[in-house]
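Number of protein chains: 2
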Amino acid sequence: MKPTSSPGSEAIDVVAGIDIGATSTKYGLVDQEGGVLARGAIPTVRDDEDAAVAAIAEAVSRLLSRLGGETPLQGIGIGAPNAVFHRGTVEHAPNLDWSEIVPLAELFSRFFSVPVRVTNDANAAAMGEMLYGRVCDPSNLMAVTLGTGVGGGFVVDGRLLYGHTGCGGELGHLIAERDGRLCGCGRRGCLEAYASVGGFLETMRELLARDDARSVLLEKPLEALSGESVTAAARAGDLLARECFQRTGAVLGRVLADAVAITGPRVIVVLGGLAAAGDLILEPTRLALEESLYVAFRGSVEVVLSSLPEGDAAILGAAALIRSAVD
Amino acid sequence: MKPTSSPGSEAIDVVAGIDIGATSTKYGLVDQEGGVLARGAIPTVRDDEDAAVAAIAEAVSRLLSRLGGETPLQGIGIGAPNAVFHRGTVEHAPNLDWSEIVPLAELFSRFFSVPVRVTNDANAAAMGEMLYGRVCDPSNLMAVTLGTGVGGGFVVDGRLLYGHTGCGGELGHLIAERDGRLCGCGRRGCLEAYASVGGFLETMRELLARDDARSVLLEKPLEALSGESVTAAARAGDLLARECFQRTGAVLGRVLADAVAITGPRVIVVLGGLAAAGDLILEPTRLALEESLYVAFRGSVEVVLSSLPEGDAAILGAAALIRSAVD
């Protein structure tokens, strides 16, 4: 499809890319070349899907009008936790207090009369990395989001992996420790219970609860612990904070090794809150991954941070859900 | 490509499909409609790849001449353990005492001047099931081979999964038990160490070594234990033999749950030696799988035996490597 802009007009075809996280929702208006023309973020309304969608729709409309001139909205692509591409729904999202099955595409259609497509938030990130990232093999990559939840998106042999149910590519609920920590999904030992920000902080609290614990993090109330404060402590040389990263990376790398054996990626792109810690989390992950890999895969996979501006991978990937249909 | 047969001639285009297992090699001549015109089996030469290929080549040639008339061989498709599609090789096969890297396609080309393609034996089985099996959703299936090794082949969204290295779809070397049994690959706790025929028999020996063990299997020397003898005992009601199947299925189902979360199949087809036990192995596998599945996948996947004659799935799938290129 060609741009509809003509001389004298400021019309630019845009697609809205929306990345709904359990904590915040990021959104952007994306042009045909994958440029993010404008972006914004609001807190996600976690206890009411109707209110959540209304707030996002209002924010996107504001952004559209801020662009000025004629900005024909071509469609809306949404990445959301536990979203099911085939049905346009969000189902059983353990980190959102929404209804069991939320018809997300339909809810957005009440505000906008354009096509709406929905996919898993990590799938959107994987698609963004494939199309716009600077990875050495965009055809075989895994996107891992370490945020309120742990998400996985898999590009295998050049295509995003969906599977029969449309919710394949699950990573956060692979079992990392049998009979381990209780997970938000009701089972025990899921990767998410260790490598989400919440799981990471639980590990930190366990370390701080040791009788012989020494850490600058003990100088403040435990409730004030955050990914940022632990990262700052580790950067300043706090040994216990560093151990927390090492333990988290060790669990993550071990589970990634199984996912690599199944899907054979060339690159694993790490995104989300914990990714801000950079090598603090990447190094122990790489080490555990390489140690755990089956021989046929050793040395075959890199673990890197996203090359895209923060949040852009998921926005671009969500927008690409529409672009791939209309371009 | 059209058949080259003409009235008065008996010419039929055939492709050789070869399924190399660690114990035996099955082979067949497959016509354009997926009919297996002739088949055979020989023991696999495990300690010498040159001798192994020579023996298979001779057996296939014999089968070709037995068909009589003109039988133009279009190509050779081979499924083999640890085969790498992209390179036509078998690499680091833990259950074969072959060289580290065997150029299998090249070795076969010394005997036949037709195209030769190679893939993982379980991939070949998955392809055979997709093209010729009677599963309810051929686009999303997983083939699991329980033989000398444990293999996995994944058809996802209508395509065989290969990944960057060409050896994705690994299943036997996912970790079933951390720090568990030593596996042939040198690591500990791989699924293969529990759900291969050898792993299954090790579980049986552990059960028989209990102080209070009572079983008809104790009436014969432990060296005589085989998949067949344990199956016969279980069918006759031997409780310890039944427990062996239950334990094996429990480990298998648990690991399959992780593989399902990543690839989202509609059907899991179980093949290979242990599959001959039917529901004895399928029932505990189904139970453990369903118990272990993440909520989004519960009730979404069936575990069945192959609907194809024994060995045909892998032969047909291997042949399809060539058919998909020449038809």
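In order, the protein sequences belong to chains A and B.
354 is the number that our numbering gives to position 261 of the first sequence; each next residue is one higher, with no gaps.
191 is the number that our numbering gives to position 98 of the second sequence; each next residue is one higher, with no gaps.
Yeah, the Cβ is synthetic: ideal placement off N, Cα and C, and Gly gets one too.
Contact under 9 Å by Cβ, residue i with residue j
i, j, result
"L200 (chain B)", "E151 (chain B)", "no"
"V228 (chain B)", "V353 (chain B)", "no"
"R254 (chain A)", "T356 (chain A)", "For clarity, residue 254 (chain A) is Leu in the given sequence; the question names Arg instead. Result yes, Cβ atoms of L254 (chain A) and T356 (chain A) sit closer than 9 Å."
"A422 (chain A)", "G172 (chain A)", "Residue 422 (chain A) lies beyond the range of chain A shown here (94 to 420); nothing can be said about it."
"C260 (chain B)", "N213 (chain B)", "yes"
"L310 (chain B)", "G346 (chain B)", "no"
"D112 (chain A)", "D124 (chain A)", "no"
"F178 (chain B)", "V211 (chain B)", "yes"
"H334 (chain B)", "V323 (chain B)", "Here the sequence assigns Ala to residue 334 (chain B), which means His is not the residue at that position. Yes."
"L382 (chain B)", "E336 (chain B)", "no"
"G244 (chain B)", "A236 (chain B)", "yes"
"R280 (chain A)", "Y225 (chain B)", "no"
"G251 (chain A)", "G262 (chain A)", "no"
"A219 (chain A)", "L414 (chain A)", "no"
"R359 (chain A)", "L234 (chain A)", "yes"
"V209 (chain A)", "G265 (chain A)", "no"
"L349 (chain B)", "V396 (chain B)", "yes"
"V129 (chain B)", "R416 (chain B)", "no"
Chain A contact for residue i (CB, 9 Å cutoff)
i, result
"L130 (chain B)", "no"
"A350 (chain B)", "yes"
Residue closest to residue i, alpha-carbon to alpha-carbon, out of the options
i, options, result
"T116 (chain B)", "B:R159, B:A131, B:G240 and B:P165", "B:G240"
"R274 (chain B)", "B:E263, B:G261, B:G262 and B:S289", "B:S289"
"D372 (chain A)", "A:L382, A:G342 and A:R359", "A:G342"
"A406 (chain A)", "A:L364, A:T118 and A:E376", "A:L364"
"A198 (chain A)", "A:S308, A:G168 and A:D190", "A:G168"
"D230 (chain A)", "A:S393, A:A411 and A:G404", "A:S393"
"P174 (chain B)", "B:D331, B:C278 and B:E163", "B:C278"
"E222 (chain B)", "B:G127, B:M297 and B:V344", "B:G127"
"G366 (chain B)", "B:E336, B:V348, B:G404 and B:V397", "B:G404"
"Y287 (chain B)", "B:F338, B:G161 and B:E193", "B:F338"
"R203 (chain B)", "B:I149, B:I415, B:D304 and B:V344", "B:I149"
"W191 (chain B)", "B:A145, B:P314, B:A217 and B:M220", "B:A145"
"E316 (chain B)", "B:A329, B:L294 and B:D304", "B:L294"
"M297 (chain A)", "A:R340, A:S400 and A:V348", "A:R340"
"P196 (chain B)", "B:L189, B:A176 and B:F205", "B:A176"
CB contact below 9 Å: residue i versus chain B
i, result
"A354 (chain A)", "yes"
"P196 (chain A)", "no"
"S232 (chain A)", "yes"
"P358 (chain A)", "yes"
"R347 (chain A)", "yes"
"A381 (chain A)", "no"
"V177 (chain A)", "yes"
"V249 (chain A)", "yes"
"V108 (chain A)", "no"
"G244 (chain A)", "no"
"G101 (chain A)", "Legend: pLDDT at G101 (chain A) = 43, less than 50; position of this residue unreliable, value from coordinates given subsequently. So no, G101 (chain A) is outside the interface."
"G410 (chain A)", "no"
"I113 (chain A)", "no"
Supposed close pair residue i, residue j - CB separation, criterion 8 Å
i, j, result
"T137 (chain B)", "G121 (chain B)", "Not confirmed; about 16 Å, so no contact."
"L267 (chain A)", "D351 (chain B)", "5 Å"
"V207 (chain A)", "S232 (chain A)", "At roughly 30 Å, the Cβ-Cβ gap does not stay under 8 Å, so V207 (chain A) and S232 (chain A) are not in contact."
"L409 (chain A)", "G110 (chain A)", "6 Å"
"L166 (chain A)", "L160 (chain A)", "That pair is no contact at about 10 Å."
"A421 (chain B)", "H185 (chain A)", "Outside the modelled stretch of chain B, which goes from 94 to 420, sits residue 421 (chain B), for which no answer is possible."
(request) Compile a chain-ordered list of the residues in the stretch 266-289 of chain B whose CB is closer than 9 Å to at least one CB of chain A. (result) H266, L267, I268, E270, R271, C278, G279, R280 and C283
(message) Please identify, using Cβ separations under 7 Å, the residues of the stretch 384-405 of chain B that lie next to chain A, in order along the chain.
(response) Y387, V388, A389, F390 and S393
(request) Report the residues of the stretch 252-263 of chain A with a CB closer than 8 Å to any CB of chain B, ordered along the chain. (result) R252, L254, Y255, G256, H257, T258, G259, C260, G261, G262 and E263
(request) Scan the stretch 210-241 of chain B for residues whose Cβ lies nearer than 9 Å to a Cβ of chain A and list them as they occur along the chain. (result) D230, S232, N233 and L234
(message) Closer than 9 Å between beta carbons: that is the criterion. Which residues of the stretch 184-208 of chain B meet it against chain A?
(response) E184, H185 and P187
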